[in-house]
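Taken in order, these protein sequences are the chains called R and G. For the first sequence, my numbering begins at 1478 and goes up steadily by one. For the second sequence, my numbering begins at -2 and goes up steadily by one. C-beta: ideal position from N, C-alpha, C; glycine also. Predicted, not measured: the structure shown is a model, and the values here were computed from it. What follows is a single structure, written as structure tokens, with notes after it.
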Amino acid sequence: MKNENIIQVKDLTKKFGDFTAVDAITFNVKKGEIFGFLGANGAGKTTAMKMLIGISKPTSGEATVAGYDVYTHPEDIKKSIGYMSQKFALYDDLTIKENITFFGGIYGLSKNKIDEKRSELVEELGLKDVADELVSSLPLGWKQKLSFSVALLHDPKIIFLDEPTGGVDPITRRQFWEMIYKTAHEGTTVFVTTHYMDEAEYCNRVSIMVNGKIEALDSPKKLKEQYNAESMNEVFLKLARG
Amino acid sequence: MSISLKHISKSYGDLKAVDDISFEVKEGELFGLIGPDGAGKTTIFRILTTLLLADEGVATVAGYDVVEDYKKIRNHVGYMPGRFSLYQDLSVEENLRFFATVFGTTIEENYDLIKDIYIQIEPFKDRRAGKLSGGMKQKLALSCALIHKPEVLFLDEPTTGVDPVSRKEFWEMLKRLQQKGITILVSTPYMDEAALCDRIALIQDAKILEIDTPEDIVKHYPKKIYDVRSDDMYELILALNKYKHHYSVYPFGEFVHYTDKRDDFNPDELKDYLEKEGQKNIYIEPTKVTIEDAFMELAK
């Protein structure tokens, strides 16, 4: 993890009429950091994230992501980030190779680059024998690993993961976290939003949003000490229940 | 026995969803089916609630056969499917009244049973179900599944996608329902919820790995687990996997869970090795076995 900040947020606010969904949040995320962004349903996580990925204009405050201002350069931000969620992953009716080609095209990679990435990826994930089969035939765990790799096709500076390992079997889940560690180790920042508290335990630092504000921000270890809790789940309950 | 399955199998084309599964749930028991997505949990629920016919095997619920007596079963069980089954365009109260009417009863008649739960959403009783938050929808769906006073309650992943606060409240509600004598079969992919059940079946790839109390499943774990941590998680995992005596290496939150092949394992030796591998600030301490550790060992 480097000391350079890849995400800088200061007093970022979003209002919908009278309702303040995100209330002056301030935080930084470092290059190569695994950062957990937590909060209860309706705490403002999704709204905050939409501002960070350049699809929603803040009401006030400042934010730069991968060096770009969210007000003036949202398109540059979109090119610098990857996104993966459990809900939206890959096209089931395309083969593994076709999915890679498709997403490579969406990210604007050249044909040569796509060819190169495709062979690399298929090799690395051990999917050579099934590369021409439909994604729908893959087990869930493999789909997830593939969709993670696809989100990294364009070498983004930051990858946003939305509840990446919920519902996955425990062993595949570990393999997935090993991939995440590797990605972070290579310098890509990993931004995880989740309300699975056991996913939070894997992050270098986590922030917890309550009613639009960041109420806690530290490493899981320090938060557990601070709140005298055995797990992040307990920390969360103490914070959210007040 | 409140629920009994004997050698139940079900395939969808070439895919075996449930493969020769047998287990029993006692009256008044809170029994958990614990396993990842695609393990076969929902298929089991659908067979037991008479919505799907098994290819092989027999099953009874509340003493009735799921094939012969399917109509009786439907009157005696409550079912909360994984996807919310509420009518989005009906209000909270209308949903509840609808389910009561279908079962030939009234909200008033069985209000006692749902009171604890319904009271939390009653202030929003005129709101459409589609406009409720996840936690509130879940409470309404549970109220609807209970309104005809079922003997057996089936809950398929009731806490998936729900935040920790609502999850905790939900489990507290289940415990109270159990005290009223209702048998509960609940499924979840969250391993930490397993500890809240009387007994659990760990399930993966259409098969049961083990059935026991959560305490005994953890007790049967064959190894001693160590928490290992250093300054560089990624390099640490690589180094541990390279260590010739390692038995298992799994990232586990801020630690790695490590087990060794040897019975006379000495943590200091591992520490020396990791230091030579360039690891800094090494921490190695014994730790408690969790259901998730047990699950991984059984699934190996």
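Contacting positions in the stretch 8 to 34 of chain G - beta carbon closer than 9 angstroms to chain R: When C-beta distances to chain R are compared with 9 angstroms, the residues of the stretch 8 to 34 of chain G below that value are GLY32, PRO33 and ASP34, in chain order.
With DSSP as the reference, label ALA1677/R as helix, strand or coil. helix
Using three-state DSSP, classify PRO248/G as helix, strand or coil. strand
Option nearest ILE1483/R by Cα separation, candidates GLU1510/R, ASP1495/R, ILE1502/R and GLY1494/R: GLU1510/R
Where MET1686/R falls: helix, strand or coil (DSSP): Three-state result, MET1686/R: strand.
Could you pull out every residue in the same chain whose Cβ sits closer than 8 angstroms to the Cβ of GLY1644/R, ignoring the five residues on either side in sequence? GLN1563 and LEU1617
Is it buried or exposed for ILE205/G, if we count other Cβ within 10 angstroms and need 16 for buried? Counting Cβ neighbours within 10 Å, ILE205/G comes out buried, since at least 16 surround it.
So, is the C-beta of LYS285/G closer than 8 angstroms to a C-beta in chain R? Output row for LYS285/G: interface = no.
Collapsed DSSP secondary structure at PHE1625/R in the structure displayed: helix
State yes or no: is the C-beta of THR1670/R within less than 8 angstroms of the C-beta of ASP1646/R? In this structure, THR1670/R keeps its C-beta atom at 8 angstroms or more from the C-beta atom of ASP1646/R.
Does the Cβ of TYR1673/R have 16 or more other Cβ atoms within 10 Å, making it buried, or fewer, making it exposed? buried
Between the stretch 1632 to 1647 of chain R and chain G, which residues of the former have CB atoms less than 9 angstroms from a CB of the latter, in chain order? GLU1640, GLY1643, GLY1644, VAL1645, ASP1646 and PRO1647
Outcome for GLN1621/R when other beta-carbon atoms lying within 10 angstroms are tallied against a minimum of 16: Around the beta-carbon of GLN1621/R, 16 or more other beta-carbon atoms lie within 10 Å, marking it buried.
With DSSP as the reference, label LEU110/G as helix, strand or coil. helix
Out of ASP260/G, ASP202/G, ILE234/G and ASP224/G, point me to the one whose CA is closest to PHE292/G's CA. ASP202/G
Is TRP1619/R close to chain G, meaning its C-beta is less than 8 angstroms from at least one C-beta of that chain? no
Endpoints, the beta strand (DSSP E) within which ILE1502/R is located: In the DSSP annotation of this structure, the continuous segment of the beta strand (DSSP E) that includes ILE1502/R starts and ends at 1496 to 1507.
Measuring only between beta-carbons, confirm whether GLU190/G sits less than 8 angstroms from chain R. Answer no: the Cβ-Cβ gap between GLU190/G and chain R never drops below 8 angstroms.
Contact the stretch 151 to 158 of chain G vs the stretch 178 to 196 of chain G: 3+ CB pairs below 8 angstroms: Taking 8 angstroms as the limit for Cβ pairs, the verdict is that the stretch 178 to 196 of chain G does touch the stretch 151 to 158 of chain G.
Host beta strand (DSSP E) of LYS1698/R (start-end): Element bounds for LYS1698/R: not the beta strand (DSSP E) but the alpha helix (DSSP H), 1697 to 1703.
Three-state secondary structure (DSSP) at PRO283/G? strand
Tell me whether HIS242/G is buried or exposed, calling it buried when 16 or more other Cβ atoms sit within 10 Å of its Cβ. exposed
Is ASN72/G helix, strand or coil by DSSP? helix
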